[in-house]
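Encoded as structure tokens, the structure appears first; notes follow it.
Numbering (UniProt numbering), first residue to last: 1 to 559.
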């Protein structure tokens, strides 16, 4: 800001030197000497002014990029700290638009927008001050112009604001449609719905274009660019009038018109820069809305932090998604080292129940406690670092196989530990079949691997962290029976002393559980051993019969 003020002061002084040159020419006796001094002064001022201007632009650019970097970091940290319920409500494409394009608008708002606005308005103030020092009478036209300019600029900003907001919102929705189509490209192609998706995207893109055109029309009706021409003409007439009455010199008139011409910068730049500011404000509002949206999750940093034994207690737990009840008054206990199987029809709430243990979701009422302490009182990092989950829907990062397996330990994961986990998960053999072995880059979401290979990598990743509590959500559904037998042997060996919550349709796994929970429409209708439930629970017998008919080969291999 100081450099901008210095730059504009030096630039405005050039007009004074130009006026002095005209006055010097009128005094022929000393004209050459004076003109030489003025020329040397001009060279010096231009060099210093150029240095200040370059330094000011560099400072503004550094500030802009640091501001955007910090904002991106803050948004990213905020998103990682939000609850799963929050993320379930978001459109991924819109979130990406806020994290990328809106962040770019935020950076542009600082530089060039705010940078040029401060530069141009400091130029305006300095030029007006210099005109007043030249002759206070010359302030008449520029002051009138500034008054008109202020009201026109305020009207322009008010018209731009809603359109800029709509532009940013529509861009986010357009991006969401694009992301959804790309993410679901297999479904789109399998159902031959390319034309439908094209029409949907064109509709959104057309609306975004319309707002952009509306923004251009508002800029096109911006009055100060026209008014400046009128102001320059009136200022020249007023200067001639004062000159004709010997109230100013010819040099003063030249200086005055030079200073008035400098007002072109603030006038023309305001059209572009204020548009960038409005887009930046709209983008900032969208980013802050995302960051400030209430999350149901309290990380409780600094909470209970101990080594787990794995004693899990559900005490009259109720949970809902919005207004939809999922679990109703569920109570059970899993003692340290026990394996608890969870069975029930689709939609019974099995997966949701396990997500309450590591606080992917928080209960509506009742308590979930581990080792006698409510999970909400645990330090989040301590809680989740001692619980591993292997889900049916496996997510793998677009990184090397070694990095995916070692993800839970980060930089602490060494190659020997990674390979041991891969051996235990029966993944080592297929990993070694790749040309680059553990350094093989896999596609996003692991699309270059088969379903069974992805699940084995996920199992290896979970086993690597040496969890006290292990949650298996139908984790071997995509693995053939022979491979599953080997994995089950490894898992059963590793699970010694660990508490396991097991969601499965494999009878071999259900039968070796210490206890089985039977869920129906969110309610825990019975719990006990396999033999006990077969004897007394009609629902369990029906589920068992269904599994028995569906997977006979698994039963025989397991037995």
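Virtual Cβ for every residue (Gly too), placed ideally from N, Cα, C.
For residue j and residue i, believed in contact at Cβ under 8 Å, the rounded distance
i: residue 128; j: residue 142; result: 6 Å
i: residue 341; j: residue 513; result: 4 Å
i: residue 352; j: residue 387; result: Wrong, their Cβ atoms sit about 16 Å apart, outside the cutoff.
i: residue 372; j: residue 498; result: No, residue 372 and residue 498 are not in contact; Cβ-Cβ is about 18 Å, not under 8 Å.
i: residue 360; j: residue 84; result: 5 Å
i: residue 464; j: residue 417; result: 6 Å
i: residue 194; j: residue 187; result: Contact flag wrong, Cβ pair sits at about 11 Å.
i: residue 273; j: residue 117; result: 5 Å
i: residue 457; j: residue 405; result: 6 Å
Residue burial classification, residue i (beta-carbon count within 10 angstroms, cutoff 16)
i: residue 378; result: buried
i: residue 358; result: buried
i: residue 349; result: buried
i: residue 467; result: buried
i: residue 252; result: buried
i: residue 103; result: buried
i: residue 150; result: exposed
i: residue 277; result: buried
i: residue 27; result: exposed
i: residue 133; result: exposed
i: residue 7; result: buried
i: residue 203; result: exposed
i: residue 275; result: buried
i: residue 1; result: exposed
i: residue 162; result: exposed
i: residue 311; result: buried
i: residue 397; result: exposed
i: residue 289; result: exposed
i: residue 527; result: buried
i: residue 556; result: Interpretation of residue 556 is limited by its pLDDT of 34, a score under 50 that renders its predicted location unreliable; no figure is taken from the coordinates.
i: residue 454; result: buried
i: residue 98; result: buried
i: residue 564; result: Not covered by the structure: residue 564. The range shown for the chain is 1 to 559.
i: residue 545; result: exposed
Option nearest residue i by Cα separation, candidates the options
i: residue 135; options: 249, 412, 17, 397; result: 249
i: residue 322; options: 458, 38, 363, 339; result: 363
i: residue 368; options: 329, 389, 399, 394; result: 329
i: residue 451; options: 210, 34, 393, 182; result: 393
i: residue 346; options: 473, 62, 306; result: 473
i: residue 384; options: 469, 397, 320, 426; result: 469
i: residue 81; options: 515, 293, 316; result: 293
i: residue 306; options: 343, 185, 314, 370; result: 370
i: residue 315; options: 331, 365, 157, 437; result: 331
i: residue 210; options: 170, 62, 414, 536; result: 170
i: residue 570; options: 236, 34, 540, 510; result: In the structure displayed, the chain extends from 1 to 559; residue 570 sits before or after that span and is not available.
i: residue 156; options: 138, 271, 76, 121; result: 271
Bridge partners - residue i, DSSP secondary structure assignment
i: residue 341; result: 502, 516
i: residue 241; result: DSSP output for residue 241 lists no bridge partner at all.
i: residue 333; result: 313
i: residue 325; result: 320
i: residue 388; result: 470
i: residue 441; result: 400
i: residue 212; result: BP columns for residue 212 are empty, so no partner.
i: residue 523; result: 520
i: residue 369; result: 313, 374
i: residue 304; result: 378
i: residue 528; result: 516
Minimum Cβ-Cβ distance from residue i to chain B less than 7 Å
i: residue 392; result: Absent here is chain B; the protein component of the structure consists of one chain.
Pairing CB atoms from the stretch 222–230 with CB atoms from the stretch 252–270, are three or more of them under 8 Å?
-> Counting Cβ pairs under 8 Å, three or more are found: they touch.
Report yes or no: do the stretch 418–429 and the stretch 502–510 share at least 3 C-beta pairs separated by less than 8 Å?
-> Three or more beta-carbon pairs separated by less than 8 Å are not found between the stretch 418–429 and the stretch 502–510, which leaves the two stretches without contact.
On the three-pair Cβ rule with 8 Å, is the stretch 271–285 touching the stretch 53–62?
-> Three or more beta-carbon pairs separated by less than 8 Å are not found between the stretch 271–285 and the stretch 53–62, which leaves the two stretches without contact.
Specify whether the stretch 60–71 and the stretch 104–115 touch according to this definition: at least 3 beta carbon pairs, one from each stretch, less than 8 Å apart.
-> Segments in contact, yes.
Can at least three beta-carbon pairs, one atom from the stretch 41–51 and one from the stretch 10–24, be found at a separation below 8 Å?
-> The stretch 41–51 is in contact with the stretch 10–24.
Within the chosen definition, does the stretch 301–308 reach the stretch 371–386 through at least 3 CB pairs nearer than 8 Å?
-> Contact between the stretch 301–308 and the stretch 371–386 is present, because at least three Cβ pairs lie under 8 Å.
For the stretch 175–184 against the stretch 84–97, are there 3 or more C-beta pairs whose distance is under 8 Å?
-> With a cut-off of 8 Å, the stretch 84–97 and the stretch 175–184 count as touching, because enough Cβ pairs lie within range.
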